[in-house]
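Novice:
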Amino acid sequence: MDFSFTEEQQMLRDSVTRFLQQKYDFDARQAIVNSDQPWSPEIWKAFGELGLLALPFPEAKGGFGGTITDIVAVAEGFGEHLIVEPYVSSILLAGQSLAASGNAAASADLTAIMSGGKTAAFAHEEGKGTPVPVLVAFNARKTEDGFILDGEKRMVLGAAQADLLIVSARIEGSPGDKNGLALFMVEPDLPGITITPFQTIDGRAAAHIRFDDVDLPLENLLEKDAFYLIQSVIASAIIALCAEAVGVMETLLKITGEYAATRKQFGTTIGTFQAIAHRMADMKIAYTKAQSTMIYTAALAEAGKAQPRDISILKGQIGNLGKSIGESAIQIHGGVGMTDELSVGHYHKRLLAIDALFGDSEYHLRRLGAE
Amino acid sequence: MDIDFGPELLAFREEVAAFLDTAPTEAIREAGRKTTSAFPSFEEAQAWLAILNKKGWAAPAWPKEYGGTGWSVEQRYVFEEEYRKRDLPPLLPNSLKMVGPLLIDLGTEEQKAKYLPSILSGEDYWTQGYSEPNSGSDLASLSCRAEADGDDYIINGSKIWTTLAHKSNRMFMLVRTNSEGKKQQGITFLLLERTDYPGMEIRPIDGLDGFPECCEVFFDNVRVPQSGRVGEENDGWSVAKHLLTHERGVSASSPALKRHVERIREVAAEEQTPFGGKLADDAVFQRQLGELEADIASLEHFEKLAISGHEISLDPALPSITKIMNSELVQRVSEIMRQLSGLEGQSLELEALRVGTNVYALGSDMDLIAMPFYLNSRATTIYAGTNEIQRDLIARTLPAG
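Protein sequence lines correspond, in order, to chains A and B.
The first sequence begins at 6 in the working numbering and counts up by one.
The second sequence begins at 148 in the working numbering and counts up by one.
What follows is the structure in structure tokens.
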């Protein structure tokens, strides 16, 4: 067994970390979040130069053939710096869906996405959340020469800016069925599409998308019988998001430890109080569990052995442990932890946002017990 | 990153399974089924150790040159999984996980040659003389005194919570050899070849579960040879700290917890709830069990990272984190088992719990062990340094700005 990064992964990790340290400190990040841009085009361009935009795609499609552990090696840094660029949505979700398809138009779009010329969004979640793909209810009606999409997709990251939407939909069956799921490529300016953009609590550009009898030609069907494709694309995205969350947790542990070691009350640093020290110890234990499970699951996935149960363990643990670390960090900081000015709350909100996607910890933990 | 899923591992699993299916005696299997503690029935556990030793499998975690197996991490887990699947009794920890590894690291060649083989064969068992009535969490305040006299020490004082002292033939202990200066600086680590020296008295203490697991040991002018010292005189604290890293160290402990969960699942699948339906289908139970299983999985992941040499193994907080994770999971598992047994856990069945009595349990196997296991496992967050002490230690390793 070996769970260490390879030398190449370590170099990639170091180069991304160095770049983010120079260009993406907390003030720079807040400037991007508070600007009228959804994210920084300069940073996105630089991600391209660092090779990140093509990293996970097969060499045959023009990518660098990176594995899930390559993604993990850089994603912790994304968490540490709270990046808001649409890496998970455009590259890992939409991009990977395109890469897995034999559709000719998909290849052209993928090339544009890898070059940074286009971004795509992954329109999948419905209602208050879609923890597993079989629950997709969004309807695509077959017509003589194509499909009609009707329904709503919620919380689509990067949707209002995307040049292309990848939409999961049900052609047949009802929620709960593995059969009858499909992925579509949809241009966002088609008649009948209404995009309602908003900013998320963690500073991201997202939107709800309403489809009113949107006509799609047959060639926009990216993949039919798409259950396993959707499941595997989401599993990779979950591992990346969880690596990001581990980066967030590590940062919170560091910031909070430093604060407890310097903040004085009653004439001494608060970290010397056992109530604080033990809460910090629990943060460290939670972080250790989260980090271990993230690395182990990534290694399983790299070996092609990660089952849905393993992904549920990861997603359940990261959500649950992350929330407790974030809440402890705020509590130990006291009043100042409640301010928007301090980074702590922003890290916590990132953890909450990661928990909410693709099934929260309550869902995944109960599912583990139910199986 | 790399995890071995190769066919050799399957063959190894078959080899282990075949051995574990045939090697243990019926008494050893019974001791395993009736285990309610980290310390199973002494005689059967030692008999089992002797059998494993003949096969060369007594101490998988030891270095190969001292009798270890040289297995990969994957193989160690396969062995542990197959072992637990059969509910075989765990091996007693004090010799194999504490004094043995300590001697391998710090003992003289003479001490190694003298003591290691008889630890592996099960002929010797070592009890741990650390705590005293007034020195629990504050271990360094210990006052059991040893005075040099020629080639010997003369020991006066007492030790408490000496697990299985009444069954042990040897003892490792901490004594005070100097009362001046810092309390940590006057402590010496001693190996006692016997537990029946003149002046030594051992008194077993019945625990909450009704069994004497711990003892109190009294020393009245007990004369022992100085050759049993490990390390220098007055430098026993650093020896003790080294041993603690083994006592709290990482081992393949998750398979035992997973086996408990498997048994809990079997019971829950049949158990009717007062709200209707089976317990296994109850949402609250599912959520509770799911979180438990996820936490056990995280412990497993952590252990595997640590044993395989990932940089996480260098974390100075690792022994304390391991100890907290494992002890608290044992308690959670035992608490669910106790809940599951309900009224069936209320009967005191000490004779049925003893090996070889032919007294049958009033209820199921799980009902028999649930309550004593729960009661015994309250100790897991107390022994080897309370979990409060462990949290203090973890906090001290955090960034201080």
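Where is the CB? At the ideal position from N, CA and C, for every residue including glycine.
Report the rounded CA-to-CA distance for B:I459 versus B:E380, giving the unit in angstroms.
Specialist: So the alpha carbons of these two residues sit roughly 34 Å apart.
Novice: Check the Cβ of A:D7 against every Cβ in chain B and list those closer than 7 Å, keeping chain order.
Specialist: What A:D7 touches in chain B: M148, D149, S455.
Novice: Starting from B:R341 and walking both ways along the alpha helix (DSSP H), at which residues does that stretch end?
Specialist: Careful: B:R341 lies outside any alpha helix (DSSP H) and carries neither H nor E.
Novice: Listing by chain order, which chain A residues have their CB less than 7 Å from the CB of B:Q478?
Specialist: Residues of chain A passing the Cβ test: none, with the nearest at roughly 15 Å.
Novice: Which chain B residues are close to A:I359, counting only those with a beta carbon under 7 Å from its beta carbon?
Specialist: Here the premise fails: no neighbours, minimum Cβ distance about 16 Å.
Novice: Below 8 Å, how does it come out for the segment 350-359 of chain A and the segment 322-341 of chain A: are there three or more Cβ pairs, yes or no?
Specialist: With a cut-off of 8 Å, the segment 322-341 of chain A and the segment 350-359 of chain A count as touching, because enough Cβ pairs lie within range.
Novice: When the distance is taken between beta carbons, is A:A126 closer than 9 Å to A:E228?
Specialist: It is not a contact, given that the beta carbons lie outside the stated cut-off.
Novice: Would a check of beta-carbon distances place A:E240 closer than 9 Å to chain B?
Specialist: Per the sequence shown, the amino acid found at residue 240 of chain A is Ala instead of Glu. With 9 Å as the cut-off, A:A240 does not count as an interface residue toward chain B.
Novice: Using a Cβ-Cβ distance under 9 Å, would B:T544 count as near chain A?
Specialist: Judged by the 9 Å Cβ criterion, B:T544 is in contact with chain A.
Novice: Do you know how far the Cα of B:N241 is from the Cα of B:W273?
Specialist: Roughly 6 Å separates the two Cα atoms.
Novice: Rank A:I176, A:Q236, A:Q204 by C-alpha distance to the C-alpha of A:Q101 and give the top, closest one.
Specialist: Ranking A:I176, A:Q236, A:Q204 by Cα distance to A:Q101 puts A:Q236 first.
Novice: Count the other C-beta atoms from every protein chain shown that fall within 10 angstroms of the C-beta of B:P280, then say buried if there are 16 or more, exposed otherwise.
Specialist: B:P280 comes out exposed.
Novice: Going residue by residue through the segment 347-373 of chain A, where are the continuous alpha helix (DSSP H) segments of at least 4 residues, counting only ones entirely within it?
Specialist: Those alpha helix (DSSP H) runs which fall completely within the segment 347-373 of chain A and span 4+ residues are 348-361.
Novice: Measure from the C-beta of B:H448 to each C-beta in chain A and report whether the shortest distance is under 9 Å.
Specialist: B:H448 counts as touching chain A.
Novice: Residues in the same chain with beta-carbon distance under 6 Å from B:L390, minus the five sequence neighbours each way, listed in chain order, please.
Specialist: So the list reads M245, L249, once near-sequence residues are dropped.
Novice: Strictly below 8 Å CB to CB, what residues from chain A border B:R434?
Specialist: In chain order: E367, L370, R371, G374.
Novice: Candidates A:W49, A:I176, A:W44, A:G342: which alpha carbon is nearest A:A210's?
Specialist: It is A:W44.
Novice: Going by DSSP, which residues form a beta bridge with A:T273?
Specialist: According to DSSP, which records beta bridges pairwise, A:T273 is partnered with A:Q270.
Novice: A:S112 lies in the alpha helix (DSSP H); which residues open and close that run?
Specialist: Unbroken alpha helix (DSSP H) run through A:S112: 109-120.
Novice: Is the distance from the Cβ of B:G346 to the Cβ of B:P519 below 9 Å?
Specialist: Contact flag unset, no.
Novice: For B:E458 and chain A, any beta-carbon pair shorter than 9 Å?
Specialist: Yes - at least one Cβ of chain A is within 9 Å of the one on B:E458.
Novice: Starting from B:G276, trace the beta strand (DSSP E) both ways and give me its first and last residue.
Specialist: Per DSSP, B:G276 belongs to the beta strand (DSSP E) from 273-276.
Novice: By the three-class DSSP mapping on this structure, what secondary structure does B:G357 have?
Specialist: Coil, per DSSP.
Novice: Give the straight-line distance between the Cα atoms of B:F449 and B:G215, rounded to the nearest whole angstrom.
Specialist: Their backbone Cα atoms lie some 22 Å apart in a straight line.
Novice: When you compare the CB of B:D252 with every CB in chain A, is at least one pair closer than 9 Å?
Specialist: B:D252 does not count as touching chain A.
Novice: Run through chain A and tell me which residues come within less than 9 Å of B:D285, C-beta to C-beta.
Specialist: Here the premise fails: no neighbours, minimum Cβ distance about 15 Å.
Novice: Does the segment 110-119 of chain A touch the segment 53-68 of chain A, meaning 3 or more C-beta pairs lie closer than 8 Å?
Specialist: Verdict: yes, contact present.
Novice: Tell me which residues share the same chain as A:I48 and place their Cβ nearer than 6 Å to its Cβ, disregarding the 5 neighbours each side in the sequence.
Specialist: These residues qualify, in order along the chain: E90.
Novice: Buried or exposed for A:F189, going by 16 or more other Cβ atoms inside 10 Å?
Specialist: Counting Cβ neighbours within 10 Å, A:F189 comes out buried, since at least 16 surround it.
Novice: Judging by CA-CA distance, which residue of A:A99, A:Y233, A:R268, A:E149 is the nearest neighbour of A:Q312?
Specialist: It is A:Y233 whose Cα lies nearest to the Cα of A:Q312.
Novice: In terms of DSSP beta bridges, what is B:E162 paired with?
Specialist: B:E162 is not bridged to any residue.
Novice: Taking C-alpha atoms, which residue in B:S278, B:S284, B:S481 lies nearest to B:C291?
Specialist: It is B:S278 whose Cα lies nearest to the Cα of B:C291.
Novice: Three-state secondary structure (DSSP) at B:M513?
Specialist: Note: B:M513 maps to helix in three-state DSSP.
Novice: Please determine if the segment 426-440 of chain B and the segment 148-167 of chain B are in contact, where contact requires at least 3 C-beta pairs separated by less than 8 Å.
Specialist: Verdict: no, contact absent.
Novice: Hey, would you say B:A430 sits closer than 9 Å to B:A416, going by beta carbons?
Specialist: No, the pair does not count as a contact, with Cβ atoms beyond the cut-off.
Novice: Here's a check: name, in chain order, each residue in its chain whose Cβ is nearer than 8 Å to the Cβ of A:E263, leaving out the five neighbours to either side.
Specialist: Cβ neighbours of A:E263 beyond the five flanking positions: none.
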